[in-house]
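Remarks on the structure that follows.
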Amino acid sequence: MELHGISDYEFVSIRDWLFKQTGISLTPAKKTLVCSRLHKRLRALSLSSYGDYFSLLSSNRDQDEAQTAIDLLTTNETYFFREAEHFQLLGELAQKARRDQPFRVWSAACSSGEEVYTIAMTLAEHERRGAGPAWEVRGSDVSARVLDMARSAHYPMDRATDIPPALLKRYCLSGTGPYHDTLLVERSLREKIEFAQINLIEPLPELVPFDAIFLRNVLIYFDPPVKRKVVGQLLSRLTGDGVLFVSMAESLHGLFDKLVSVAPGAYRFDRRR
Numbered sequence: 010m011e012l013h014g015i016s017d018y019e020f021v022s023i024r025d026w027l028f029k030q031t032g033i034s035l036t037p038a039k040k041t042l043v044c045s046r047l048h049k050r051l052r053a054l055s056l057s058s059y060g061d062y063f064s065l066l067s068s069n070r071d072q073d074e075a076q077t078a079i080d081l082l083t084t085n086e087t088y089f090f091r092e093a094e095h096f097q098l099l100g101e102l103a104q105k106a107r108r109d110q111p112f113r114v115w116s117a118a119c120s121s122g123e124e125v126y127t128i129a130m131t132l133a134e135h136e137r138r139g140a141g142p143a144w145e146v147r148g149s150d151v152s153a154r155v156l157d158m159a160r161s162a163h164y165p166m167d168r169a170t171d172i173p174p175a176l177l178k179r180y181c182l183s184g185t186g187p188y189h190d191t192l193l194v195e196r197s198l199r200e201k202i203e204f205a206q207i208n209l210i211e212p213l214p215e216l217v218p219f220d221a222i223f224l225r226n227v228l229i230y231f232d233p234p235v236k237r238k239v240v241g242q243l244l245s246r247l248t249g250d251g252v253l254f255v256s257m258a259e260s261l262h263g264l265f266d267k268l269v270s271v272a273p274g275a276y277r278f279d280r281r282r
């Protein structure tokens, strides 16, 4: 069956469907990405056009396929210790935190999990040295597929380039035999992490307050009203002195009057103002 490229109308239909499901707004520059990521699904389902695929998605007849489409269209690149300055600040926050309760961190769009395990290594290292409290980490994403990858904690070794050698040795296991050139995050870290599928544009589940929330390299995909809604929900889940981390290339300036910048890409919500 011959499959032609995606038309402008088909792209807009799928783009609008994705926005309704996730709040992510794709620009016309993403047309090629949509085409390439969904191409195999059309082949697998013996569909002759992207319009037919959109009809399937919008009919709500196949929720598994809808989840597959969301997984394919929302996966973003991530890696260990991305924007390392944020983890230095996280360690400083942990050092100042109370010792009579866990220090809680949420990676709210964790993708395949590298950010979650970077947070865990940072906090475990401070706790090991007596410079930080016990800790808990939650990771969430809208994509079920990347959450499965995150739960496995198993990565190609070439993804470990930015992990400091001492932490790589202490918190990761090197694969052997058929698992050569891979790493597995150590069990003691994995056991202190929870993963959950959460769509940030929907009402959030009941969650304990967090001392830090990471939402990096995500807001660029939201239009201003969705961005305001998502950030507002996350701020409501922070402790009084909690910090919201976004990408160092992103700014929340003008989004909320009470946001105070504490470092590039890091904000507190001043409830006193």
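When the letters of the sequence shown are read in order and numbered with the numbering used here, they come out as residues 10 to 282. Beta carbons are placed, not taken as given, at the ideal position from N, Cα and C, and that holds for glycine. A quick note: this is a predicted structure, and the numbers were derived from the prediction, not measured.
Could you tell me whether any non-hydrogen atom of the ligand NAD is closer than 8 Å to the CB of GLU19?
As far as ligands go, the structure on display features none, and thus does not contain the ligand NAD.
Would you call the CB atoms of GLY141 and ALA103 closer than 9 Å?
Translated into positions along the sequence shown, residue 141 becomes position 132. Translated into positions along the sequence shown, residue 103 becomes position 94. Yes, Cβ-Cβ distance for GLY141 and ALA103 is below 9 Å.
By Cβ distance below 7 Å, which residues in the same chain neighbour TRP26 in space, the five residues on each side in sequence not counted?
By 1-based counting over the sequence shown, the position of residue 26 is 17. Answer for TRP26: PHE63, LEU66, SER67, listed in chain order.
Quick check on SER64: does DSSP put it in helix, strand or coil?
Within the sequence shown, the letter at position 55 stands for residue 64. It is helical.
Under the three-state reduction of DSSP, which class applies to TYR88: helix, strand or coil?
Within the sequence shown, residue 88 is the residue found at index 79, counting from 1. In this structure, TYR88 counts as coil in the three-state DSSP scheme.
Return helix, strand or coil for VAL269, following the three-state DSSP convention.
On the sequence shown, position 260 is the one that residue 269 refers to. Note: VAL269 maps to strand in three-state DSSP.
So, are the CB atoms of PHE219 and TRP115 less than 9 Å apart?
Sequence index remark: in the sequence shown, residue 219 carries index 210 (1-based). Sequence index remark: in the sequence shown, residue 115 carries index 106 (1-based). Yes, the Cβ-Cβ distance between PHE219 and TRP115 is below 9 Å.
Three-state secondary structure (DSSP) at VAL151?
By 1-based counting over the sequence shown, the position of residue 151 is 142. Note: VAL151 maps to coil in three-state DSSP.
For the stretch 208–222 against the stretch 242–259, do three or more pairs of beta-carbon atoms, one drawn from each stretch, fall closer than 8 Å, so that the two count as touching?
yes
What residue range does the beta strand (DSSP E) around GLY274 cover?
Translated into positions along the sequence shown, residue 274 becomes position 265. Careful: GLY274 lies outside any beta strand (DSSP E) and carries neither H nor E.
With a floor of 3 residues, list each beta strand (DSSP E) that falls wholly inside the stretch 184–211, ordered by position along the chain.
DSSP runs (the beta strand (DSSP E)) wholly in the stretch 184–211: 191–194, 202–206.
Secondary structure at LEU243, three-state DSSP: helix, strand or coil?
Residue numbering aside, residue 243 sits at position 234 when the sequence shown is read from its first letter. Residue state for LEU243 is assigned as helix, using DSSP reduced to three classes.
Quick check: the Cα distance between ASP232 and GLY139, rounded to an integer number of angstroms?
Taking the sequence shown and counting its residues from 1, the one referred to as residue 232 is at position 223. Taking the sequence shown and counting its residues from 1, the one referred to as residue 139 is at position 130. The alpha-carbon atoms of ASP232 and GLY139 are separated by roughly 43 Å.
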